[in-house]
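Numbering (the numbering used here), first residue to last: -6 to 454.
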Ligand code: F0G
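The following block contains the structure:
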């Protein structure tokens, strides 16, 4: 048998470094006050460990930086476009490749071609921008996660799966002609970063093909999903992450991609598909907003970095380290009695603030209160996924309707932090667990109607 060491090390060495923003507790107290207890308003220079998002925050490799120098900036038909097209075709098998400036641009283009009033787009879970872009066309965005996905404490290997029984039922009720698209988000960011199994992908694909409905992946974290299949699904142990990813893509008709996640770049995305007729219509939309279809809102150098990132992300040593480091954070928090969404996801650990801060009622934003406490005690920035993000005021009664969950997402940027950074975060949580009863709720003093969490102002209760 092949010998394995216990310690999983970061599979890279550091060539270029950036200092962290050290502050005192007193300074952070002041920073929080000035930011109205909204972490989006905090200057990044005042953040020590930034777990706000794993999107666009990756460290690029020396080969990616070399690609940046090699980038061909020709307006049309740049060499860098053909390099990207080749990398995407090799990975996905899809013929048509349209670069875009980021994931939501791919969404806007595809949905404006396939969506529209009276239509319904179904997903295991739509990400916020996916939902917003669907609804902007007048279409309905419907989520069909499996039931266990909402049972945060119950571990399961593939809680990102779609409920296939519900899918068949909805197709029969609404009529296949009114469902222009089914989307599988891999991994499912909105519900804990949980993976989708190959079995589920096959079943969803079979149902879609039977009803002639196109199936697309929201592939932002496709490599993390592939690695979970290798670890957790029977029959995949001896396959490479790339072979698994290729098999996944073979069951669908196309994909939407935010390259800011599993292509290890700071900006970029693409749209890929087999249907040349849709691609032609997508290019017509693209040229209006993004740019000529061989650069799609990006510089040639960005295309080069994405092409290289798509190769590096499937490196097995990288994926082993990636999934292990997120699990390591999850284990550390669990050991200190912090309730998390089980199991930890591919890109993030989600803390269940409703349970952890049970003394704070939902009307006082326990998720945001925890996110602020994390910053105050440790200079750590995370994002609330709870009533600040999803709570609403009832149109008629004006009563506050809280969200279904109060989570705090700790999203790990790729190749950025080391194990000692994660040990530090665990230590801050250990301290918070002892003092949690001192954490106070918050009250909103000002909020806009749309995406309020980005701009809302709050004060402690
Ligand atoms: N789809 C998923 C599953 C995402 O997580 C995101 C972005 C997008 C689409 C949109 O991509 O940002 O490139 O336009 N998620 C980031 C996050 C913002 O923090 O989870 P984008």
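Virtual Cβ for every residue (Gly too), placed ideally from N, Cα, C.
Fair warning: this is a prediction, and the values are worked out from it, not measured in the lab.
Distance between beta carbons of residue j and residue i, contact taken as under 8 Å
i: residue 118; j: residue 257; result: Their Cβ separation, rounded to whole angstroms, is 24 Å, which puts residue 118 and residue 257 out of contact at 8 Å.
i: residue 451; j: residue 31; result: 6 Å
i: residue 180; j: residue 217; result: 6 Å
i: residue 445; j: residue 402; result: No, residue 445 and residue 402 are not in contact; Cβ-Cβ is about 17 Å, not under 8 Å.
i: residue 414; j: residue 186; result: With a Cβ gap of about 19 Å, residue 414 and residue 186 do not count as contacting.
i: residue 285; j: residue 75; result: About 14 Å separates the two Cβ atoms, so there is no contact after all.
i: residue 357; j: residue 454; result: 5 Å
i: residue 93; j: residue 290; result: 6 Å
i: residue 137; j: residue 159; result: 5 Å
i: residue 253; j: residue 48; result: 4 Å
i: residue 325; j: residue 95; result: Not really, about 32 Å apart at Cβ, beyond 8 Å.
i: residue 120; j: residue 211; result: 7 Å
Own chain residues within Cβ distance below 7 Å of residue i, not counting five before or after
i: residue 126; result: 97, 100, 101, 104
i: residue 346; result: 359, 360, 363, 379, 399, 400, 401
i: residue 85; result: 242, 248, 265
i: residue 373; result: 41, 42, 44, 367, 418, 421
i: residue 1; result: 313, 314, 317
i: residue 255; result: 213, 214, 215, 216, 217, 306
i: residue 34; result: 28
i: residue 352; result: 430
i: residue 438; result: 450, 451, 452
i: residue 106; result: 271, 274, 275, 278
i: residue 350; result: 359, 362, 363, 429, 432
i: residue 475; result: Absent from the model: residue 475. The displayed extent of the chain is -6 to 454, so no value can be given.
i: residue 3; result: 314, 411
i: residue 197; result: 155, 157, 160, 175, 177, 208
Check: residue i C-beta below 7 Å from any heavy atom of the ligand F0G
i: residue 360; result: no
i: residue 54; result: no
i: residue 120; result: yes
i: residue 152; result: no
i: residue 50; result: no
i: residue 456; result: Within the shown structure, residues of the chain are numbered from -6 to 454, placing residue 456 beyond reach of any answer.
i: residue 97; result: yes
i: residue 404; result: yes
i: residue 116; result: no
i: residue 364; result: no
i: residue 445; result: no
i: residue 182; result: yes
i: residue 262; result: yes
i: residue 216; result: no
i: residue 213; result: yes
i: residue 127; result: no
i: residue 46; result: yes
i: residue 123; result: yes
i: residue 17; result: no
i: residue 178; result: yes
Sequence-distant residues of its chain with Cβ nearer than 8 Å to residue i (five each side left out)
i: residue 354; result: 434
i: residue 321; result: 412, 415
i: residue 171; result: 111, 112, 113
i: residue 280; result: 286
i: residue 55; result: 8
i: residue 16; result: 24, 39, 41, 372
Beta-carbon contacts of residue i that lie in its chain and below 6 Å, excluding the five residues immediately before and after
i: residue -6; result: A caution first: residue -6 carries a pLDDT of 49, below 50, which makes its placement in the model unreliable, though a value can still be read off. So the list is empty, once near-sequence residues are dropped.
i: residue 448; result: 441
i: residue 139; result: 154, 156
i: residue 465; result: Residue 465 falls outside the range modelled here, since the chain spans only -6 to 454, and no answer is possible.
i: residue 201; result: 175, 208
i: residue 133; result: 113
i: residue 88; result: 267
i: residue 219; result: 234, 237, 238
i: residue 182; result: 120
i: residue 64; result: 73, 293, 294, 297
Contact test: residue i Cβ vs the ligand PLP heavy atom, cutoff 7 Å
i: residue 16; result: The ligand PLP is not part of this structure, which contains only the ligand F0G.
Problem set entry | Touch test, the stretch 191 to 198 against the stretch 162 to 172, Cβ-Cβ under 8 Å, three pairs minimum | The stretch 191 to 198 is not in contact with the stretch 162 to 172.
Exercise. Counting Cβ pairs, one atom from each stretch, are 3 or more of them under 8 Å apart for the stretch 106 to 115 and the stretch 290 to 309?
Worked result: They do not touch, by the three-pair rule.
Problem set entry | the stretch 416 to 431 / the stretch 60 to 68 touching (three or more Cβ pairs under 8 Å) | The stretch 416 to 431 vs the stretch 60 to 68: no contact.
Exercise. Between the stretch 18 to 29 and the stretch 270 to 287, do three or more beta carbon pairs fall short of 8 Å?
Worked result: Touching, no, given that fewer than three Cβ pairs across the two stretches are closer than 8 Å.
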